[in-house]
Amino acid sequence: MTLKRFLSELNIVNEEDVRIVKYNEKKGLVTCQVGSVIYEDLAIRRPFPITNPNFLLFIRNSNGKIAFVVRDMTKLRKDVKEIIERLLNMFYFMPIIRRIYSINTSGDEFVWDVDTDRGRTTIKTRGRSSVISIGQRVVIVDVNDIIYQILDVNKLDKRSRRLIENLL
């Protein structure tokens with residue numbers, strides 16, 4: 095299949111037209127209405143969770159095919175966005191770092207004491223290559239391959255910002 099044909103078959107929809115008719119939080123599935131069309135039992139996935147987390151695929155649970163695509167989740171209606179975020183947070187475990195208390199070196203590893211949206215924790219990373227800057231966002235991959243994010247370095251407190259900037 096050519097790229098042109100693939101893109102033409104993606105069914106990219108207008109975010110404002112997406113409604114959630116019902117959802118199953120246990121199964122992580124939604125039934126959506128887009129215009130006059132109803133799509134049942136859809137799984138929602140982020141094909142680019144780090145570089146473009148707002149791009150979403152709505153995949154039919156029955157056959158694994160893409161029902162439709164949302165280019166920018168931030169443009170969804172508030173009620174739709176809240177449900178989708180709740181379902182995505184169950185599938186994608188990507189804690190958000192809100193404060194860095196310390197970063198210490200232990201051999202080849204960095205040991206971080208951080209506060210995340212899921213509570214205070216200690217994480218270990220393998221050197222500077224585990225810390226990736228993408229604009230104002232920073233992605234940190236720990237030794238267990240768990241991905242942590244700092245959504246905007248500039249919104250960190252002064253001490254946290256100084257600690258992370260020393261690694262970048």
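In my numbering, the protein residues as written are 95 to 262. From the three backbone atoms N, C-alpha and C, an ideal C-beta is built for every residue, glycine too.
CB-CB under 8 Å to residue i, same chain, minus the five flanking residues each way: which ones, in chain order?
i, result
"Thr219", "Glu203, Phe204, Trp206, Val225, Ile234, Val235, Asp236, Val237"
"Thr210", "Pro189, Ile190, Ile191, Arg192, Tyr242"
"Leu261", "Ile197, Phe204, Arg222, Val225"
"Glu259", "Val247"
"Thr199", "Val205"
"Arg212", "Pro189"
"Ser156", "Asp135"
"Arg180", "Glu119"
Looking only at its own chain, which residues have a Cβ that is under 6 Å from the Cβ of residue i, when we skip the five neighbours before and after it?
i, result
"Thr168", "Asn148"
"Thr125", "Val115, Lys116, Glu134"
"Thr216", "Asp207"
"Gly129", "Asp111"
Please name the residue, chosen from the options, that lies closest to residue i on a Cα-to-Cα basis.
i, options, result
"Arg140", "Ile153, Gln230, Arg212", "Ile153"
"Lys175", "Asp239, Lys252, Thr125, Arg113", "Arg113"
"Asp111", "Asp166, Leu123, Ile217", "Asp166"
"Thr145", "Leu250, Cys126, Leu245", "Leu245"
"Phe135", "Tyr186, Gly229, Lys116", "Just to set this straight, residue 135 is Asp in the shown sequence, not Phe. Answer by Cα proximity: Lys116."
"Leu182", "Arg253, Lys98, Leu123", "Leu123"
"Pro143", "Arg253, Lys249, Arg231", "Arg231"
"Ile138", "Tyr186, Arg171, Val131", "Tyr186"
"Val250", "Thr125, Val208, Thr215", "For the sequence presented, residue 250 should be read as Leu rather than Val. That would be Val208, whose Cα lies nearest to the Cα of Leu250."
"Ile177", "Lys120, Lys252, Gly129, Ser130", "Lys120"
"Asp173", "Ile217, Leu151, Glu109", "Glu109"
So who's on the other strand from residue i, going by DSSP bridges?
i, result
"Val128", "Val112, Val131"
"Gly213", "Thr210"
"Arg256", "None, per the DSSP bridge assignment."
"Glu263", "Outside the modelled stretch of the chain, which goes from 95 to 262, sits residue 263, for which no answer is possible."
"Val233", "Ile226, Gln243"
"Ile106", "Val163"
"Arg278", "There is no way to answer for residue 278, as the model of the chain reaches only from 95 to 262."
"Asn118", "Leu123"
Identify, in the order they occur along the chain, each residue of the same chain with its Cβ nearer than 7 Å to the Cβ of residue i, setting aside the five sequence neighbours on each side.
i, result
"Ser227", "Leu262"
"Arg255", "Val247"
"Gln127", "Arg113, Val115"
"Leu257", "Ile194, Ile197"
"Met184", "Gly122"
Query - Sequence ranges, beta strand (DSSP E) only - wholly within the segment 154 to 194, length at least 3 - result: 160 to 164
Query raised in the report: Should the segment 156 to 164 be regarded as contacting the segment 103 to 121, the criterion being three or more beta carbon pairs within less than 8 Å?
Result: yes
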